[in-house]
Amino acid sequence: INYVGGAGSITAAQFLQRFIINKTPWAHLDIAGMAFSKKAANLNPRGATGFGVRLLNNLIKKYYEWNMLEKTLSIIKPDAIERNLEDKIQEILVKKGLAIKEKKKVKISKEEASEFYKVHQTKSFYDELCGYLSSGPIVVMVLEGENAVLNNREIMGATDPKKAAEGTIRKLYGLSIDKNSVHGSDSIQNAQKEIQFFFKQ
Ligand code: GDP
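The sequence shown begins at 58 in my numbering and counts up by one.
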């Protein structure tokens, strides 16, 4: 938003609120000659209509906080479901600051697993990996929190449970490099794709 006409800052705030409700990914608003943006959210609103500017400032702060929250996809793999570790794993994730926003238990076909793990199609273990992920029920979850992607990767630990750090899920519960109990997206971009894969709108 580069310009909101001379209707005053309250109108401008309501205008911005509409954008926030619509979840526009980016907003910049010039009001009463002052620039408010995500970067300048703490700007002293000198001279502009007090109430409107305070409201606007709070909205921008809230919007900024929302944008800081990341989402990632987590899977509790068949080996962990088989051993009834679902609740214990969820407890660890929540304790470490990740909120479970969506959750479902599914059993996917080998074709679906092949599509999900397509990035690994050139790997020698691709067929085995797809066979394994489709071998039993899994729990898929959308996790949300600050730095959710990286945070979840840390909580999971290294791919090979033998190399995983103490206290990580894979160290605690992983059986082997393939049966390593959990999956977690490795980047924000992949998280979006993987969430879309399991939770199509
Ligand atoms: P992750 O991101 O830590 O899950 O690891 P990768 O993306 O490298 O691999 C994806 C998944 O493939 C792992 O979680 C394992 O289940 C499996 N995997 C990785 N390396 C091997 C391997 O050498 N052999 C087999 N059978 N599976 C593997």
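A virtual CB, placed ideally from N, CA and C, is assigned to each residue, including glycine.
6 Å CB neighbourhood of residue i in its chain, flanking five on each side removed
| i | result |
| --- | --- |
| E251 | L130 and S242 |
| K153 | I212 |
| E143 | I133 and V196 |
| E201 | L126, K128, A156 and K158 |
Cβ neighbours of residue i in the same chain (closer than 8 Å, five flanking residues each side left out)
| i | result |
| --- | --- |
| D235 | F182, E185, L186 and Y189 |
| A205 | L126, E127, K128, T129, L155 and A248 |
Rounded C-alpha distance that separates residue i from residue j
| i | j | result |
| --- | --- | --- |
| K180 | N247 | 18 Å |
| N237 | N115 | 44 Å |
| I271 | K257 | Nothing about residue 271 can be read from this structure; the chain reaches only from 58 to 258. |
| T216 | S244 | 15 Å |
| L232 | K145 | 16 Å |
| K161 | F255 | 9 Å |
| V199 | R210 | 14 Å |
| I149 | I226 | 8 Å |
| V176 | N208 | 22 Å |
| A222 | Q147 | 18 Å |
| F173 | E122 | 31 Å |
Residue i, buried or exposed, once every other Cβ within 10 Å from all chains shown has been counted against 16
| i | result |
| --- | --- |
| V163 | exposed |
| I224 | Inspection of the sequence shows that residue 224 is occupied by Gly rather than by Ile. Classification for G224: exposed. |
| R140 | exposed |
Residue i CB to nearest heavy atom of ligand 1 below 7 Å
| i | result |
| --- | --- |
| N208 | no |
| F256 | no |
| N237 | yes |
| D243 | yes |
| F173 | no |
| L116 | no |
| L232 | no |
Sequence-distant residues of the same chain with beta carbon closer than 7 Å to residue i, five excluded per side
| i | result |
| --- | --- |
| A170 | C187, L190 and S191 |
| G214 | A221, A222, T225, I226, R227 and K228 |
Report yes or no: do three or more beta-carbon pairs, one from the region 158-173 and one from the region 192-206, lie closer than 8 Å?
yes
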